[in-house]
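Reviewing the structure listed below.
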Amino acid sequence: MTSAEGNLIAVNKSDGTELWRVPIATGADWGAAVTGGLIFQGNRDGTVRAFGDASGVVPSPSPSETPAPTPLPEAFELVKTFDATTSGLDDPAGLDVGPDGNLYVANALRDEILVLDPTGDIVRRWGQHGTGAGDFDFQRNRGNDSTGAVALDKGGFVYVADYVNNRIEKFTGKGKFVRQWGSYGQGDGQFLGAYDIAVGPDDSVYVADEVRDDIQKFTTDGKFVTTLGGHGSAPGQLDGAGGLWVDAAGTLFATDFNNSRIQAWDSKGSLLWTQGEYGSAPGNLSLPNDIAVDGAGNLFVLETKARVQVFDSQRRPIAAWAKPAADDEITFITLGTKGIVYVSDYFGNRIYKLRVLPQIGAG
Numbered sequence: 000m001t002s003a004e005g006n007l008i009a010v011n012k013s014d015g016t017e018l019w020r021v022p023i024a025t026g027a028d029w030g031a032a033v034t035g036g037l038i039f040q041g042n043r044d045g046t047v048r049a050f051g052d053a054s055g056v057v058p059s060p061s062p063s064e065t066p067a068p069t070p071l072p073e074a075f076e077l078v079k080t081f082d083a084t085t086s087g088l089d090d091p092a093g094l095d096v097g098p099d100g101n102l103y104v105a106n107a108l109r110d111e112i113l114v115l116d117p118t119g120d121i122v123r124r125w126g127q128h129g130t131g132a133g134d135f136d137f138q139r140n141r142g143n144d145s146t147g148a149v150a151l152d153k154g155g156f157v158y159v160a161d162y163v164n165n166r167i168e169k170f171t172g173k174g175k176f177v178r179q180w181g182s183y184g185q186g187d188g189q190f191l192g193a194y195d196i197a198v199g200p201d202d203s204v205y206v207a208d209e210v211r212d213d214i215q216k217f218t219t220d221g222k223f224v225t226t227l228g229g230h231g232s233a234p235g236q237l238d239g240a241g242g243l244w245v246d247a248a249g250t251l252f253a254t255d256f257n258n259s260r261i262q263a264w265d266s267k268g269s270l271l272w273t274q275g276e277y278g279s280a281p282g283n284l285s286l287p288n289d290i291a292v293d294g295a296g297n298l299f300v301l302e303t304k305a306r307v308q309v310f311d312s313q314r315r316p317i318a319a320w321a322k323p324a325a326d327d328e329i330t331f332i333t334l335g336t337k338g339i340v341y342v343s344d345y346f347g348n349r350i351y352k353l354r355v356l357p358q359i360g361a362g
């Protein structure tokens, strides 16, 4: 037992006579426990003391606390920040680099596609708020929250996930309308919340729907092919379908926002792996919103409001980049050439242009 004075006391269980006592640190929270010939005493500071038997009561050192995880090395260096003043950004959301080397951005609050050169200067822009061909409506939640997504194929055609209009629109790289497909609903080729879009090496178009919690696959002209996912937490299911990426082999990568994980499917739609659990330690994920994969197989996973973690081709965490400003809500990520990474900051109305540090071995 423990006394109010801060002593650990042993008594005879038959008659209650005191056998021994030893002073212990004040602040004990719990009664003593006996096991394996030792007596253990917990304290408010989170430590536990162990004592020997009555023949020689000598406190042993408290078990050391679990060491804090070793921070991951820095992943990127900042090259430049594109901001609202110089680059016309207004709630930048999804983004992609085209074969022309320019950065295509869903400039969500303005319901337009904004094209920037690698220095952040405006090349062109197109679109306006509306429902007609070539118009956009990125104002989800009745204008209180905006989002949009854009992806390019190897021929330079631009595909836009037009969230509120529940459709996909296709344009030339100059912004000329080509076609559209989709409508509101849960059937094949319909959408409830088309959140992100990606194009594979065969020009297949993948659309992640954050409300349906699935990923639909289409041909380049909008013909429905198949559906992956579905709401849930089992492997292959999604809860908050997020960002997409398709690599040169046709492997599809997706972030699973509320399940705090990432998943991958092969080009035929078979699930390859599922990885991740909630947390802030290296390798854990907190609300992963987008993903990009380089030619060396490194995975760049963007966690909303927190960081970008880099995993190697074996999916081991190797580096990280923390958002630099308190008002950042980083949302989407894409890759340029020669180790360049772009990250959109929705609340800050800016895009970070970053360079992968050499130790990562980006490809």
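Numbering of the sequence shown is given in numbering that gives the first Met the number 0, commencing with residue 0 and proceeding in unit increments.
Beta carbons: idealized from backbone N, C-alpha and C, even for Gly.
From Arg-306 to Val-340, what distance separates their C-alpha atoms?
Translated into the one-based positions of the sequence shown, residue 306 becomes position 307. Translated into the one-based positions of the sequence shown, residue 340 becomes position 341. Computed Cα separation, rounded: 13 Å.
Quick one: what does DSSP say Thr-85 is sitting in, helix, strand or coil?
One-based indexing of the sequence shown puts residue 85 at position 86. DSSP places Thr-85 in helix when its eight states are reduced to three.
Can you tell me which of the three DSSP states Pro-117 falls into?
For the purposes of this step, residue 117 is taken as residue 118 along the sequence shown, with counting starting at 1. In the structure shown, Pro-117 adopts coil according to DSSP, grouped into three states.
What three-state label does DSSP hand Arg-43 in the structure shown?
In the sequence shown, counting from the first residue as 1, residue 43 sits at position 44. Any reading at Arg-43 must be qualified, since the residue scores a pLDDT of 48, below 50, and its modelled position is unreliable; the value itself is stated next. Residue state, collapsed to three classes: coil.
Is Gly-199 near Gly-172, with beta carbons less than 9 Å apart?
Here residue 199 refers to the residue found at position 200 of the sequence shown. Here residue 172 refers to the residue found at position 173 of the sequence shown. Result no, Cβ atoms of Gly-199 and Gly-172 do not sit closer than 9 Å.
What does Lys-79 pair with, by DSSP beta-bridge criteria?
Locating residue 79 in the sequence shown gives position 80, counting from the first residue. DSSP, once it has assigned bridges, lists Lys-352 as partnering Lys-79.
Give me the Cα-Cα distance between Ala-280 and Pro-68, rounded to the nearest whole angstrom.
Locating residue 280 in the sequence shown gives position 281, counting from the first residue. Locating residue 68 in the sequence shown gives position 69, counting from the first residue. Separation of Ala-280 and Pro-68 (C-alpha to C-alpha, rounded to the nearest whole angstrom) is 7 Å.
Which residues in the same chain as Ser-232 place their Cβ atom closer than 7 Å to its Cβ, once the five residues preceding and following it in sequence are excluded?
As a position in the sequence shown, residue 232 is number 233, starting the count at 1. Cβ neighbours of Ser-232 beyond the five flanking positions: Asp-238, Asn-258.
Kindly indicate which residue of Pro-234, Thr-273, Tyr-194 has the alpha-carbon position closest to the one of Ala-240.
Indexing the sequence shown from 1 puts residue 240 at position 241. Out of Pro-234, Thr-273, Tyr-194, Tyr-194 has the C-alpha closest to the C-alpha of Ala-240.
Work out the CA separation of Phe-170 and Glu-76 for me, nearest whole Å.
The residue given as residue 76 occupies position 77 in the sequence shown. The residue given as residue 170 occupies position 171 in the sequence shown. Approximately 33 Å, taken between the alpha carbons.
Are the beta-carbon atoms of Leu-102 and Phe-137 separated by less than 9 Å?
Along the sequence shown, one-based indexing puts residue 102 at 103. Along the sequence shown, one-based indexing puts residue 137 at 138. No, these two residues do not count as a Cβ contact at 9 Å.
Between Leu-115 and Gln-127, what straight-line distance do the alpha-carbon atoms span, to the nearest angstrom?
What you label residue 115 is simply residue 116 of the sequence shown in a count that begins at 1. What you label residue 127 is simply residue 128 of the sequence shown in a count that begins at 1. If you take the alpha carbons of Leu-115 and Gln-127, they lie about 18 Å apart.
Comparing C-alpha positions only, which one of Pro-357, Val-355, Tyr-351 sits nearest to Ser-86?
Position 87 of the sequence shown, counting from 1, holds the residue named residue 86. The option with the nearest alpha carbon to Ser-86 is Tyr-351.
Ser-343, DSSP secondary structure in three states
What you label residue 343 is simply residue 344 of the sequence shown in a count that begins at 1. Strand, per DSSP.
Consult DSSP for Arg-211 and reduce its assignment to one of helix, strand or coil.
Counting from one through the sequence shown, the residue named residue 211 turns up at place 212. Arg-211 falls in the coil class under three-state DSSP.
Per DSSP, what kind of secondary structure is Ala-107 in: helix, strand or coil?
Position 108 of the sequence shown holds residue 107. Residue state, collapsed to three classes: helix.
Apart from the five residues just before and just after Tyr-277, which ones in its own chain have a Cβ nearer than 8 Å to its Cβ?
The sequence position of residue 277 within the sequence shown is 278, counting from 1. Excluding positions up to five away in sequence, the list reads Ser-259, Asn-283, Leu-284, Ser-285.
Spatial distance of Leu-301 from Pro-316 (CA atoms):
Along the sequence shown, read from residue 1 onward, the residue named residue 301 stands at position 302. Along the sequence shown, read from residue 1 onward, the residue named residue 316 stands at position 317. Taking the straight line from one Cα to the other gives about 13 Å.
Taking Cβ to Cβ, would you say Thr-330 is nearer than 9 Å to Ala-92?
Counted from its first residue, the sequence shown places residue 330 at position 331. Counted from its first residue, the sequence shown places residue 92 at position 93. Yes, Cβ-Cβ distance for Thr-330 and Ala-92 is below 9 Å.
Where the beta strand (DSSP E) through Arg-178 begins and ends:
As a first step, residue 178 must be located in the sequence shown, where it is residue number 179. Per DSSP, Arg-178 belongs to the beta strand (DSSP E) from 176-180.
What does a CB cutoff of less than 6 Å around Gly-174 pick up in its chain, not counting 5 residues either side in sequence?
For the purposes of this step, residue 174 is taken as the residue at position 175 of the sequence shown. Counting only Cβ-Cβ distances below 6 Å, and skipping sequence neighbours, we find Trp-125.
Using DSSP with H/G/I as helix, E/B as strand and the rest coil, what is Pro-68?
Start at 1 with the first residue of the sequence shown, and residue 68 comes out as number 69. Of the three classes helix, strand and coil, the one that applies to Pro-68 here is coil, per DSSP.
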